[in-house]
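Data block below; observations after.
Numbering (our numbering), first residue to last: 166 to 333.
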């Protein structure tokens, strides 16, 4: 059944466009053109985010932030082994997945640490990546409270995720 979902969706869109008398091909071409423009416009922002992530890692700033945050996280019930994971999560999704894979191989899939990491992974977002992409496309330059609120909500989500894993 899963193999038929996309073809059925395409057929339903075409039927809908026929009923509404909309030129589906022109809409598709316009959307594809806008997608290319979007990729070109967001490319610089994405390069900047990737450069920041790499610089944080190479310079040792992420290790420094990890050592500063570990006691606070431990006090809040987040395992110290997840500190670097939580520091890097707002910056990089693929780096978080790689770190999660490493945690799974080190501690085992059923360990408390990995359960917390998986739950944190699912309830947090790569804040800086998302902000770079969304705000670059909307041309909004004043972020004001966006990043602090996103980081605070991700942090609260991580604390709650570990609390839930403790209970379960």
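Note that the Cβ used here is the ideal one computed from N, Cα and C, for glycine as well.
Asked, Found
"Segments of 4+ residues assigned as alpha helix (DSSP H) that fall wholly inside the region 201-267", "226-240, 248-253"
"Nonlocal neighbours in the same chain, by C-beta distance under 6 Å from residue 256, ignoring five residues either side", "218, 293"
"Three-pair Cβ contact test at 8 Å for the region 268-284 versus the region 192-204", "no"
"Residue 191 (DSSP reduced to helix, strand or coil)", "helix"
"Unbroken alpha helix (DSSP H) run spanning residue 286, endpoints", "277-288"
"Three-state class that DSSP yields for residue 198 in the structure shown", "helix"
"CB contact flag (residue 324, residue 210, <9 Å)", "no"
"Residue 271 versus residue 309: straight-line alpha-carbon distance, rounded", "40 Å"
"Nearest-angstrom Cα separation, counted from residue 313 out to residue 242", "22 Å"
"Residues near residue 286 by beta carbon distance below 8 Å, same chain, minus five either side", "254, 261, 262, 265"
"C-beta contact flag for residue 221 and residue 247 at 9 Å", "no"
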